[in-house]
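Residue numbers (this note's numbering), protein chains in the order written: chain F, 18 to 271; chain H, 294 to 603.
This is the structure:
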């Protein structure tokens, strides 16, 4: 009984410790990046460039929906219509651009990384790499995490651009607010720190999603079922820690 | 054609960076490619102004507020802002904070100095105008206004109390007046009641008189009309005569004026005394001649001998 209670406390701590050790090794292997440069480019294309369409689509819909719903909620004639822009644009830049991108990539990139690494683990390809004298962490994990850190801000920018654009377009076409008024409102309440905060968020999210997925995949155990479990856990844990990080960042930086 | 991974990644990052920088500059109201023109303004009260609020000149958005902070040296509010470099912010320009804090739409208005003055240099200081924010002005004046309102209400209360007292006191002027008025009305009523028959007969007499008049007018209508037409004709003739008379009068006036001025023979006759003098001398000469003729008719009748021939 006592042991079970202790396990509840100790297991997460042990997991955190293993995660930290993996990251520690990964940082130590950054120096070897020049050897595995080709891997980095490949991961940047797979995680970043190839994700642009899905991220743009999700951000476009979320921008359009925020415009329509904000317009629906603003029924008072006392409030100018430009307020729609003043609400949609900052919420896109501060929250939706980064979080929507994060969720999409937790599913698309996190699951892929966990499945790749898990399969390599259960088919003993990672052991083979090690026996060939390659640093498996430097070869497999560092390029993936770095690709996430570099490409997530890029995807964030794309998400904001498309999200704000679609919000403005829907506002204009739907007759909620003309594009000019939308932009006037957005510019009147624009804070220069907002996009910087968004970029910081996206860097943190990119790091969290890729590193958690790498951790789950790298330590996969037990055949095909284990790979499936790792993939699920990678996606779920990425989303949970993304939300947690979102709150922590908002509380500390804003 | 297949692009290498490096090219794809590089292109994506460059495009994203450009969009990011241009987007931030756009939303900050910075010109997309030009440099900016930064200025500082000092206020006693920021009135809710924050970074990102717009800066206007004559109601046109020309820039935005960058930062608002309290100066450690003076304790005043310093507002850093930037405007379009083409705006002539000359010496004498002052800034006011306007808008309504409660609605979150606070902005800074610049009132430009004379256009031919020297331009304030980059980073220069702009004086605060005496605008103030509407809400704080109202708040500042609220106690005075409340006092005014309460004194007015007090006075009103006094007036009402006096009126009440006047109405309720049995021997007040008001009461007496009302009683007198009531008495008059009662008397008039009594008069009306007692003289009802006479009034009725007067009214009926007036009625019949009017009816008679109407009838007679109806019978002799044509005659009356003819009479009126004749009178009109006469009046028209009279009018004509008067006009002619007026013309004559004018001509006479003219004539008299000419006479007075000494124009023409008659005028001269009246005004010029030389003729009188000449006539006088002539007459006196004639007198002499006649006297001579009477005394010595032979001298004149010498040549009349021819008469003798007959």
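For each residue, glycine too, the CB sits at the ideal point set by N, CA and C.
| Item | Value |
| --- | --- |
| Within 8 Å, strictly: CB atoms of residue 322 of chain H and residue 302 of chain H | no |
| 8 Å Cβ cutoff met for residue 356 of chain H and residue 377 of chain H | yes |
| Bounding residues of the beta strand (DSSP E) (the contiguous stretch that carries residue 326 of chain H) | Unbroken run through residue 326 of chain H: none, as it is neither H nor E. |
| Min CB distance residue 209 of chain F to chain H below 8 Å | yes |
| Contact belief for residue 230 of chain F with residue 255 of chain F at Cβ below 8 Å, rounded distance in angstroms | 6 Å |
| For residue 404 of chain H, the first and last residue of its enclosing beta strand (DSSP E) | 398-404 |
| Partner residues on chain F for residue 299 of chain H, Cβ-Cβ distance less than 8 Å | 58 |
| Nearest-angstrom Cα separation, counted from residue 330 of chain H out to residue 84 of chain F | 34 Å |
| Below-8 Å beta-carbon distance, residue 115 of chain F vs any chain H residue | no |
| Chain F within 8 Å of residue 347 of chain H, Cβ atoms only | yes |
| Residues that residue 551 of chain H bridges to, as DSSP identifies them | Paired residue(s): none; residue 551 of chain H is not in a bridge. |
| 8 Å contact criterion, which residue 317 of chain H and residue 344 of chain H should meet: CB distance rounded | Not quite, the Cβ-Cβ distance comes to about 13 Å (not below 8 Å), so this is no contact. |
| Check whether residue 153 of chain F and residue 163 of chain F have beta carbons under 8 Å apart | no |
| Residues near residue 127 of chain F in its chain [Cβ-Cβ closer than 6 Å; skip 5 each side] | 226, 230, 251, 252 and 255 |
| Min CB distance residue 390 of chain H to chain F below 8 Å | no |
| With 16 other Cβ atoms within 10 Å as the buried cut-off, status of residue 460 of chain H | exposed |
| Three CB pairs or more closer than 8 Å across the segment 105-114 of chain F and the segment 30-44 of chain F | no |
| Nearest-angstrom Cβ-Cβ length linking residue 202 of chain F and residue 99 of chain F, presumed shorter than 8 Å | 3 Å |
| Where the segment 67-91 of chain F meets chain H: residues whose CB sits under 8 Å from a CB there | 69 |
| Amino acids of chain H, ordered along the chain, whose beta-carbon sits closer than 8 Å to that of residue 65 of chain F | 302 and 305 |
| Residue 203 of chain F at chain H interface by Cβ criterion, 8 Å | yes |
| Proximal chain F residues relative to residue 321 of chain H, where beta-carbon distance stays under 7 Å | 207 and 209 |
| Where residue 366 of chain H sits in the DSSP three-state scheme | coil |
| Contact set between residue 195 of chain F and chain H, taken where Cβ atoms lie within less than 7 Å | What residue 195 of chain F touches in chain H: nothing, since even the nearest Cβ is about 16 Å away. |
| Beta-carbon spacing of residue 237 of chain F, residue 135 of chain F below 8 Å | yes |
| Residues that residue 312 of chain H contacts on chain F, provided the C-beta gap is smaller than 7 Å | 174 and 178 |
| Within-8 Å CB hit, residue 61 of chain F to chain H | yes |
| Residue 309 of chain H at chain F interface by Cβ criterion, 8 Å | yes |
| CB contact below 8 Å: residue 171 of chain F versus chain H | yes |
| Closest residue to residue 367 of chain H among H:387, H:541 and H:335 (Cα-Cα distance) | H:335 |
| Within chain F, the residues that residue 275 of chain H reaches when beta carbons sit closer than 7 Å | For residue 275 of chain H there is no data in the structure shown, the boundaries of chain H being 294 and 603. |
| Segments of 4+ residues assigned as alpha helix (DSSP H) that fall wholly inside the segment 426-491 of chain H | 427-461 and 466-487 |
| For residue 151 of chain F, three-class secondary structure by DSSP | coil |
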